[in-house]
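In the numbering used here, the protein residues as written are -5 to 240. Remarks on the structure that follows.
Written out as structure tokens, the structure reads:
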């Protein structure tokens, strides 16, 4: 029960990774609050409807959680908003409108949530943020694994996740004196009913010879939030089966 009675907001908790993170937090004693635009009020988790791409909505989210539960111990930024044309080849986004919009939806919304959370954490001189990034914020894409499939890696994704990792280091450095830790979890490929060709190509390359699952990622998030990681901040924890080691 390493997170017993600690209030933790998980944005995008109705998504693939978000659900697993909420469950793991619950098993470790946390009071986990799912913030999402997908209604999840029928689940057994605390749920607050909120749009993390809207600054007014973000302010209301944190105000409501604080009023209902008191001190907000932690924040997990896991939401994954994106435009309908997500996946447009970089050279075909002629006016970069899609690029700009997705940077705003993803990177800027994470920054806004962090900013709002810090307002509530500073008075307690305690807090923990985990931002969800990716191996592709650290290394370049291996495009060979996509051959024979219709999967199209997005250039903006790499830029956003790379920026998020270093932004998290900035926050860790600046707010450490206030007892606020900021870390990142960067998953490798997570199986989600992918094309079998892609799965084989991926598993042939990754040292542990399988794609990851949400259950591989969630405990890493809980660990970084907990006091077991009390002297860890500014760290990017790669949970990738060894992908970035080769």
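Virtual Cβ for every residue (Gly too), placed ideally from N, Cα, C. Treat the numbers as computed from the prediction; the structure is a model and nothing was measured.
Among the options, nearest to residue i - alpha-carbon criterion
i: residue 197; options: 216, 138 and 169; result: 138
i: residue 32; options: 150, 6 and 25; result: 6
i: residue 84; options: 166, 240, 149 and 11; result: 149
i: residue 8; options: 26, -3, 0 and 21; result: 26
i: residue 71; options: 104, 189 and 170; result: 104
i: residue 115; options: 165, 11, 230 and 99; result: 165
i: residue 92; options: 77, 16, 102 and 179; result: 77
i: residue 200; options: 64, 170, 136 and 51; result: 136
i: residue 117; options: 30, 90 and 66; result: 66
i: residue 129; options: 153, 109 and 119; result: 153
i: residue 226; options: 30, 101 and 167; result: 167
Cβ shell of residue i (< 6 Å), same chain only, five flanking positions each side left out
i: residue 156; result: 131
i: residue 68; result: 2, 122 and 219
i: residue 195; result: 139
i: residue 178; result: 125, 127, 159, 162 and 230
i: residue 75; result: 47 and 99
i: residue 202; result: 235 and 236
Span separating the alpha-carbon of residue i from that of residue j
i: residue 62; j: residue 23; result: 18 Å
i: residue 184; j: residue -1; result: 30 Å
i: residue 21; j: residue 204; result: 26 Å
i: residue 82; j: residue 97; result: 14 Å
i: residue 235; j: residue 207; result: 11 Å
i: residue 256; j: residue 214; result: Because the chain spans -5 through 240 in this model, residue 256 falls outside it and cannot be assessed.
i: residue 209; j: residue 162; result: 24 Å
i: residue 239; j: residue 58; result: 43 Å
i: residue 232; j: residue 87; result: 31 Å
i: residue 224; j: residue 175; result: 8 Å
i: residue 13; j: residue 190; result: 24 Å
i: residue 49; j: residue 187; result: 34 Å
i: residue 73; j: residue 46; result: 8 Å
i: residue 181; j: residue 113; result: 28 Å
i: residue 119; j: residue 172; result: 5 Å
i: residue 52; j: residue 169; result: 20 Å
i: residue 221; j: residue 151; result: 31 Å
i: residue 41; j: residue 133; result: 35 Å
Helix, strand or coil at residue i [DSSP, three-state]
i: residue 209; result: helix
i: residue 227; result: coil
i: residue 58; result: helix
i: residue 232; result: strand
i: residue -4; result: coil
i: residue 240; result: coil
i: residue 148; result: coil
i: residue 143; result: coil
Own chain, CB closer than 8 Å to residue i, minus 5 neighbours either side, in chain order
i: residue 266; result: Past the boundaries of the shown model lies residue 266; the chain is included only from -5 to 240, so the question cannot be answered.
i: residue 216; result: -4, -3, 15, 18, 19, 22 and 24
i: residue 111; result: 3, 56, 66, 69, 121 and 123
i: residue 10; result: 184, 186 and 208
i: residue 30; result: 5, 6, 7, 8, 9, 12, 41, 43, 44 and 73
Same chain, Cβ closer than 7 Å to residue i, five either side skipped, listed in chain order
i: residue 16; result: 4, 7, 26, 28 and 39
i: residue 80; result: 96 and 148
i: residue 192; result: 139, 140, 143 and 145
Segments assigned alpha helix (DSSP H), at least 4 residues, entirely inside the stretch 159 to 206: 190 to 199
Entirely enclosed beta strand (DSSP E) segments - the stretch 63 to 139, minimum 3 residues: 68 to 71 and 121 to 126
Continuous beta strand (DSSP E) assignments of at least 3 residues falling wholly in the stretch 25 to 54: 25 to 30 and 40 to 43
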